[in-house]
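One line per chain: the protein sequences are X and L, in this order. Quick note: the first sequence uses my numbering, first residue 399, plus one each step. Quick note: the second sequence uses my numbering, first residue 399, plus one each step. For glycine and all other residues, C-beta sits at the position ideal for the given N, C-alpha and C. What you are looking at is a predicted structure, and each value in this text was computed from that prediction instead of being measured. Presented below is the structure to which this report refers.
Number of protein chains: 2
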Amino acid sequence: MKERAAVLSSRIRLARNLKDTRMPLKMNEEDCKYIRDKVKTIILNNRTDLEFQSLSDISELDREVLAEQRCISKDLIRKYEISSFLTNEKKDLTIMINEEDQIRIQALSEGIDIWEAWTKANEIDDLLDQNLDYAYDSHFGYLTTCPTNTGTGLRASIMVHLPFLTMDNYIEKIASSIGRIGVAIRGLYGEGSESMGAIYQISNQMTTGESEEDIIRKIRAIVTQLIYRESVSRRKMIRNRKTEIEDKIFRAYGILKNSRILDLKESMNELSYLRIGVILELIDLDEKVLNDLAVLTQPANIKKRIGKPSSESDLNIKRAEVFRNILSEQEV
Amino acid sequence: MKERAAVLSSRIRLARNLKDTRMPLKMNEEDCKYIRDKVKTIILNNRTDLEFQSLSDISELDREVLAEQRCISKDLIRKYEISSFLTNEKKDLTIMINEEDQIRIQALSEGIDIWEAWTKANEIDDLLDQNLDYAYDSHFGYLTTCPTNTGTGLRASIMVHLPFLTMDNYIEKIASSIGRIGVAIRGLYGEGSESMGAIYQISNQMTTGESEEDIIRKIRAIVTQLIYRESVSRRKMIRNRKTEIEDKIFRAYGILKNSRILDLKESMNELSYLRIGVILELIDLDEKVLNDLAVLTQPANIKKRIGKPSSESDLNIKRAEVFRNILSEQEV
Numbered sequence: 399m400k401e402r403a404a405v406l407s408s409r410i411r412l413a414r415n416l417k418d419t420r421m422p423l424k425m426n427e428e429d430c431k432y433i434r435d436k437v438k439t440i441i442l443n444n445r446t447d448l449e450f451q452s453l454s455d456i457s458e459l460d461r462e463v464l465a466e467q468r469c470i471s472k473d474l475i476r477k478y479e480i481s482s483f484l485t486n487e488k489k490d491l492t493i494m495i496n497e498e499d500q501i502r503i504q505a506l507s508e509g510i511d512i513w514e515a516w517t518k519a520n521e522i523d524d525l526l527d528q529n530l531d532y533a534y535d536s537h538f539g540y541l542t543t544c545p546t547n548t549g550t551g552l553r554a555s556i557m558v559h560l561p562f563l564t565m566d567n568y569i570e571k572i573a574s575s576i577g578r579i580g581v582a583i584r585g586l587y588g589e590g591s592e593s594m595g596a597i598y599q600i601s602n603q604m605t606t607g608e609s610e611e612d613i614i615r616k617i618r619a620i621v622t623q624l625i626y627r628e629s630v631s632r633r634k635m636i637r638n639r640k641t642e643i644e645d646k647i648f649r650a651y652g653i654l655k656n657s658r659i660l661d662l663k664e665s666m667n668e669l670s671y672l673r674i675g676v677i678l679e680l681i682d683l684d685e686k687v688l689n690d691l692a693v694l695t696q697p698a699n700i701k702k703r704i705g706k707p708s709s710e711s712d713l714n715i716k717r718a719e720v721f722r723n724i725l726s727e728q729e730v
Numbered sequence: 399m400k401e402r403a404a405v406l407s408s409r410i411r412l413a414r415n416l417k418d419t420r421m422p423l424k425m426n427e428e429d430c431k432y433i434r435d436k437v438k439t440i441i442l443n444n445r446t447d448l449e450f451q452s453l454s455d456i457s458e459l460d461r462e463v464l465a466e467q468r469c470i471s472k473d474l475i476r477k478y479e480i481s482s483f484l485t486n487e488k489k490d491l492t493i494m495i496n497e498e499d500q501i502r503i504q505a506l507s508e509g510i511d512i513w514e515a516w517t518k519a520n521e522i523d524d525l526l527d528q529n530l531d532y533a534y535d536s537h538f539g540y541l542t543t544c545p546t547n548t549g550t551g552l553r554a555s556i557m558v559h560l561p562f563l564t565m566d567n568y569i570e571k572i573a574s575s576i577g578r579i580g581v582a583i584r585g586l587y588g589e590g591s592e593s594m595g596a597i598y599q600i601s602n603q604m605t606t607g608e609s610e611e612d613i614i615r616k617i618r619a620i621v622t623q624l625i626y627r628e629s630v631s632r633r634k635m636i637r638n639r640k641t642e643i644e645d646k647i648f649r650a651y652g653i654l655k656n657s658r659i660l661d662l663k664e665s666m667n668e669l670s671y672l673r674i675g676v677i678l679e680l681i682d683l684d685e686k687v688l689n690d691l692a693v694l695t696q697p698a699n700i701k702k703r704i705g706k707p708s709s710e711s712d713l714n715i716k717r718a719e720v721f722r723n724i725l726s727e728q729e730v
């Protein structure tokens, strides 16, 4: 049993603003440029692994592709005239400039290894802190545009695949119980996004009253517990509905490998069953292939592949082709 | 384009009774034995390729298997205490005894070659005619239990696969137009059976007023015309919905090759798409494999494979296994 396959990735995000500047909602173009140049210079002078890009220099489609890869946020795209970012080749460390806050540091890591992401984000935070004056209040902590981020400015989130708890109709119940201790469960692309393919983000809602380490430890502990509960649900359902679940897994494989038209929702749901197949060791696929498929078959990634204006129906045909080609390359 | 794949098989059936005997509805056990022994003796004395079996010596399940193979009729099974049959190894020539009529000769042939079936049935008919006195009236022709068979006693039927006319909702219209000239279109297992997987039997409703050759010629001509109309529908739909149809074909292949639970109706429908794939040369499968699959995955055939009392759900699991195994053996 590949328990680990249940955790897709971990993410740390830090929100920062500078002292003695206007807060983002009141900033003019000059202010934005000031922040941008400050941050850009410090990072580029100290880190050779990060490259700078203005969002206005990137096509609308490429911005969406970056968001689907989780390199940048949708909020950064919304402000593309003034926003920019620095990222590394692997795109697992990004400093966003002029997002909802002046500075947003984001680090991703594979699986449940959120401490690695924390270390990566922390390094950037320390570097900027040494060279800039953060807007920091000894009582409130880091000051942010939205009061829900004030304090640590930290959002720790772990992306998990919970198909059995979903089939068991347990997610609502979990959401309300972890909500009471300040933890949220949301769909794939964060706030307001629908859950597809039983993939969820578990993250802290409160950024104050606890240290960064305590917040991260709590999220990690809850995820560990969710994975345990998922495995209980899994065992129960496999005991009672083994063949039915195997049927869904292998049908999903057959459909993803053969179909000629696949819309996003169906593909995400079938991919969820394929992932179950990998967890149960019924299907021999690398987790990386699953994770790649989940990103490469998102709308903007598909549009990018087609390379010209394309209809919804073109996307569905291309999406089926991508699934077919990638799965055909694998020995399953 | 494998046009021929649209025609599955052809069948000739002749209904005969003996002169100076009670007609079947009034026959007692002695009468039945008399008919049986007469027919059995003549056939066995003259034909080494045919073997005799009493239905009472065959298990209920094996009788159903024989019916699914179209070797014997459901009517013969209904009267299993008194009925019997002679058949060859290939089961494409059968003489049923004490069915609805005293004697029913049935011959099957592959594809549209109904004249071959006619020749095979005719030989048996001639053989019996030389050795027995048929109930024959110079005005009415051969006398039968049901007046709808009186005359030639002939039912000529051709089994066709008409998926595009079915998708195009044309079958009702065709049924009413060919009905007016005395030709019926029915589901896979004849009268009253539902059409599954777009498979139909085209057969004459009238057995009188025309010679045997005219009846057969008419059925064959109508089938030729239906195949033509099917190809027109096919071209039209492929022009307008090519990718959608290819999607259904390859999904069907993916599902049949991978699923773990398959009910009869779904499997017949997916098999229909697989057959379309073969016709369009998108899927490289022998027609024989398709025809075998259609029979081997019928309920009694599946029960026979399981070899012990089994639930509907057991059947669906075994059916999926049969599809998987047979399709995995093929290079597609």
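Checklist line | Reference X/Ser-726, options X/Ile-715, X/Leu-713 and X/Val-687, closest by Cα | finding: Cα-wise, what sits closest to X/Ser-726 is X/Val-687.
Checklist line | Between the CA atoms of L/Arg-411 and L/Ser-452 - distance to the nearest angstrom | finding: About 20 Å.
Check: In terms of alpha-carbon separation, which member of L/Ile-556, L/Leu-491 and L/Ala-533 lies closest to L/Gly-509?
Finding: That would be L/Ile-556, whose Cα lies nearest to the Cα of L/Gly-509.
Next item on the list: Helix, strand or coil for L/Tyr-478, going by three-state DSSP, please let me know.
Entry: In the structure shown, L/Tyr-478 sits in coil (DSSP, three-state: anything other than H, G, I, E or B).
Checklist line | C-alpha gap between L/Gln-500 and L/Gly-577, whole angstroms | finding: If you take the alpha carbons of L/Gln-500 and L/Gly-577, they lie about 28 Å apart.
Note to self: Between which two residues does the alpha helix (DSSP H) holding L/Phe-562 run?
What the structure shows: 561 to 565 is the extent of the alpha helix (DSSP H) around L/Phe-562.
Next item on the list: Measure the Cβ-Cβ separation of L/Ile-617 and L/Ile-600 and say whether it is below 8 Å.
Entry: Inclusion of L/Ile-617 and L/Ile-600 in the CB contact set at 8 Å is warranted, their separation being smaller than that value.
Margin query: Determine whether the beta carbon atoms of X/Arg-632 and X/Phe-562 lie at a separation below 8 Å.
Written below: Cβ distance < 8 Å, so X/Arg-632 and X/Phe-562 count as in contact.
Note to self: What does the alpha-carbon distance come out to for the pair L/Gly-539 and L/Asp-429?
What the structure shows: So the alpha carbons of these two residues sit roughly 23 Å apart.
Check: Whose C-alpha, out of X/Leu-678, X/Met-594 and X/Val-621, is nearest the C-alpha of X/Glu-602?
Finding: One detail in the question is off: residue 602 of chain X reads as Asn in this sequence, not Glu. Out of X/Leu-678, X/Met-594 and X/Val-621, X/Val-621 has the C-alpha closest to the C-alpha of X/Asn-602.
Check: Which class does L/Met-501 belong to by DSSP, given the choice of helix, strand or coil?
Finding: Reading the sequence as shown, one finds Ile at residue 501 of chain L and not Met. If DSSP states are grouped into helix, strand and coil, L/Ile-501 belongs with the strands.
Checklist line | X/Gly-652 CB to nearest heavy atom of the ligand ADP below 7 Å | finding: You won't find the ligand ADP in this model; it holds no ligand whatsoever.
Note to self: Against X/Arg-717, what residues of chain L qualify as contacts under a CB-to-CB distance less than 7 Å, listed in chain order?
What the structure shows: Going along chain L, no residue has its Cβ under 7 Å from X/Arg-717, so there is no contact; the nearest lies around 12 Å.
Check: Can you round the beta-carbon distance between L/Val-676 and L/Glu-685 to whole angstroms, since I take them to be within the 8 Å contact cut?
Finding: Going by Cβ atoms, the distance from L/Val-676 to L/Glu-685 rounds to 7 Å, so yes, they are a contact pair.
Margin query: Within a Cβ cutoff of 6 Å, which residues of the same chain sit near X/Asn-667, ignoring the five residues on either side of it in sequence?
Written below: The answer, listed in chain order, is Gly-595.
Next item on the list: For the alpha helix (DSSP H) containing L/Thr-641, list its first residue and its last residue.
Entry: Bounds of the alpha helix (DSSP H) holding L/Thr-641 are 610 to 656.
Next item on the list: Say whether the stretch 438 to 454 of chain L touches the stretch 472 to 488 of chain L, bearing in mind that this needs 3 or more beta-carbon pairs closer than 8 Å, one atom from each stretch.
Entry: Counting C-beta pairs closer than 8 Å gives three or more between the stretch 438 to 454 of chain L and the stretch 472 to 488 of chain L, which meets the contact rule.
Notebook entry, point to check: Which term fits X/Val-437, buried or exposed, when burial requires 16 or more other beta carbons within 10 angstroms of its beta carbon?
Noted result: The residue in question, X/Val-437, is buried, as its Cβ has 16 or more Cβ neighbours within 10 Å.
Notebook entry, point to check: Who are the near neighbours of L/Met-604 in its chain, counting only those whose CB is closer than 6 Å to its CB and skipping five residues on each side?
Noted result: For L/Met-604, where only same-chain residues beyond five positions count, the Cβ hits under 6 Å are Gly-580.
Note to self: As a quick exercise: from L/Arg-420, L/Val-720, L/Arg-502 and L/Asn-444, pick the residue whose alpha carbon is nearest that of L/Gln-528.
What the structure shows: The candidate whose alpha carbon is nearest that of L/Gln-528 is L/Asn-444.
Margin query: Less than 8 Å between CB atoms is the rule here; does L/Glu-644 satisfy it with respect to chain X?
Written below: Chain X, which has a Cβ nearer than 8 Å to the Cβ of L/Glu-644, makes this yes.
Notebook entry, point to check: Does any CB atom of chain L fall closer than 8 Å to the CB of X/Ile-653?
Noted result: Chain L, which has a Cβ nearer than 8 Å to the Cβ of X/Ile-653, makes this yes.
Note to self: Check this for me: beta carbons of X/Asp-535 and X/Leu-526, under 8 Å apart or not?
What the structure shows: Contact flag unset, no.
Notebook entry, point to check: Could you give the distance in angstroms between the alpha-carbon of L/Ser-708 and the alpha-carbon of X/Thr-517?
Noted result: So the two alpha carbons sit approximately 59 Å from each other.
Next item on the list: On the DSSP bridge assignment, give the partners of X/Ser-601 in chain order.
Entry: Assignment of beta-bridge partners to X/Ser-601 by DSSP yields X/Ser-555 and X/Ala-582.
Checklist line | Through-space distance from X/Lys-701 to X/Asp-661, alpha-carbon basis | finding: Those two C-alpha atoms are separated by around 13 Å.
Notebook entry, point to check: Does any C-beta atom of chain X lie closer than 8 Å to the C-beta of L/Phe-562?
Noted result: For L/Phe-562, the answer is no, since every Cβ of chain X falls outside 8 Å of its Cβ.
Check: How would you list, in chain order, the residues of chain X whose beta-carbon sits under 7 Å from the beta-carbon of L/Asn-656?
Finding: Within 7 Å Cβ-Cβ: Phe-648, Arg-649, Tyr-651 and Gly-652.
Next item on the list: Can you give me the start and stop residues for the beta strand (DSSP E) that X/Ser-452 sits inside?
Entry: 449 to 452 is the span of the beta strand (DSSP E), which, as asked, contains X/Ser-452.
Item checked: Per-residue DSSP class, three states only, for X/Ser-575 -> Shown here, X/Ser-575 sits in a helix according to DSSP, grouped into three states.
Margin query: Taking DSSP's pairing of strands, which residues face L/Ala-413 in a bridge?
Written below: Paired residue(s): L/Arg-502.
Notebook entry, point to check: For X/Leu-678, does the three-state DSSP call read helix, strand or coil?
Noted result: Correct three-state label for X/Leu-678: coil.
Note to self: Less than 8 Å between the beta carbons of L/Ala-533 and L/Leu-669, yes or no?
What the structure shows: For L/Ala-533 and L/Leu-669, no; Cβs fall outside 8 Å.
Notebook entry, point to check: In chain L, which residues lie less than 9 Å from X/Ile-440 when you measure between Cβ atoms?
Noted result: Neighbourhood of X/Ile-440 in chain L, by CB distance below 9 Å: empty, with the nearest CB roughly 52 Å away.
Check: Do L/Asn-689 and L/Leu-406 have their CB atoms nearer than 8 Å?
Finding: Cβ atoms of L/Asn-689 and L/Leu-406: closer than 8 Å.
Next item on the list: Throw me the rounded Cβ distance for the L/Asn-496 and L/Ile-433 pair, which I believe falls under 8 Å.
Entry: At roughly 6 Å, the Cβ-Cβ gap stays under 8 Å, so L/Asn-496 and L/Ile-433 are in contact.
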